[in-house]
Amino acid sequence: MSGNKTQTIKTVPDGYTAVTPWIISSSTEKMIHFLTTVFDAQEVPNSRIKNEDGVIIHAVVKIDNAVMMLFDSRDGWGPTPTFLNLYVKDIDSAYQKALELGATSVTEITTLWFGEKVCRIIDPMGNLLWINQRVEEVDFTNPEEVRKRASSPEAISGIAYIQKSLDEAIRKQKSLL
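Below, the structure written as structure tokens:
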């Protein structure tokens, strides 16, 4: 700053939120390709910075209105899996593209009582991603409607399935670490 001018510094930069995921992976290049192909992410121009060894030490992508930062892990680091929840317009397409790019299915697409279809995958870099598509507006202000929906046999079965599939995936992933 110069002179008597004062400048207000924003706590959160434009386009970011107060909480921003930071993905550390064995290949930021591959992770960006995965995100752009499956989730229509856009790499922020001029955000990719490499060190003298060619390792990506910073990159930024945007998915819809969300920003994610990424960088390459270093030799000798253990796995650094990230758990993310992503909302999409077409869960069937995103799930299929993810599998085609080498993701592992954790939870197949399941419609849940609260108006969302969900699935889970482990991407090729080991991150566990929840993929959601909103399919219905549910009135959570009506306790009777919520109770009725949440206690139906389909709701109970759906929740049991997604809990079991997640538990199995995390236990399996833990044994690989």
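Numbering-wise, UniProt numbering puts 126 at position 126 of the sequence shown, and it's gapless, one number per residue.
C-beta: ideal position from N, C-alpha, C; glycine also.
It should be emphasised that the depicted structure is a prediction, and the values quoted were computed from it without experimental measurement.
Beta-carbon proximity list for residue i, same chain, < 8 Å, skipping 5 on both sides
| i | result |
| --- | --- |
| K97 | T37 and V38 |
| L112 | V118, A155, G158, I159 and I162 |
| V73 | What sits at residue 73 in the sequence shown is Ser, not Val. I24, S25, S26 and T80. |
Continuous alpha helix (DSSP H) stretch holding residue i: start and end
| i | result |
| --- | --- |
| E144 | P143 to A150 |
| M125 | Neither: M125 is in no alpha helix (DSSP H) and is coded neither H nor E. |
| S93 | I91 to E100 |
| N39 | According to the sequence as given, residue 39 is Phe; it is not Asn. It spans T28 to F39 - the alpha helix (DSSP H) in which F39 sits, taken as one unbroken run. |
Segment limits, beta strand (DSSP E) that includes residue i
| i | result |
| --- | --- |
| D14 | Taken as a continuous stretch (DSSP letters only), D14 belongs to no beta strand (DSSP E), as it is neither H nor E. |
| S47 | No beta strand (DSSP E) holds S47; DSSP gives it neither H nor E. |
| K62 | I56 to I63 |
| T107 | T104 to L112 |
| V88 | Careful: V88 lies outside any beta strand (DSSP E) and carries neither H nor E. |
| I23 | W22 to S25 |
| F71 | A66 to D72 |
Close Cβ partners of residue i (< 6 Å) along its chain, the five nearest in sequence each way excluded
| i | result |
| --- | --- |
| S25 | M31 and M125 |
| F114 | V138 |
| Q42 | K62 |
| N132 | Y87, E116 and V118 |
Separation of residue j from residue i, as counted between CA atoms
| i | j | result |
| --- | --- | --- |
| residue 186 | R120 | Residue 186 is absent from the model: the chain starts at 1 and stops at 177. |
| L166 | N46 | 37 Å |
| D92 | I57 | 33 Å |
| N127 | S27 | 12 Å |
| L177 | W77 | In this prediction, L177 scores a pLDDT of 48, lower than 50, which makes its location untrustworthy; the coordinate-derived value is nonetheless stated afterwards. Spanning the two alpha carbons is a distance of roughly 12 Å. |
| D64 | A150 | 30 Å |
| L84 | A94 | 14 Å |
| R48 | M68 | 12 Å |
| F71 | Q173 | 22 Å |
| T104 | E144 | 38 Å |
Beta-carbon proximity list for residue i, same chain, < 7 Å, skipping 5 on both sides
| i | result |
| --- | --- |
| E168 | none |
| residue 237 | Beyond the ends of the chain as shown, which are 1 and 177, falls residue 237; an answer cannot be given. |
Status (buried if at least 16 other CB within 10 Å, exposed otherwise) for residue i
| i | result |
| --- | --- |
| N51 | exposed |
Would you check if there are 3 or more beta carbon pairs closer than 8 Å linking the segment 12–26 to the segment 100–111? no
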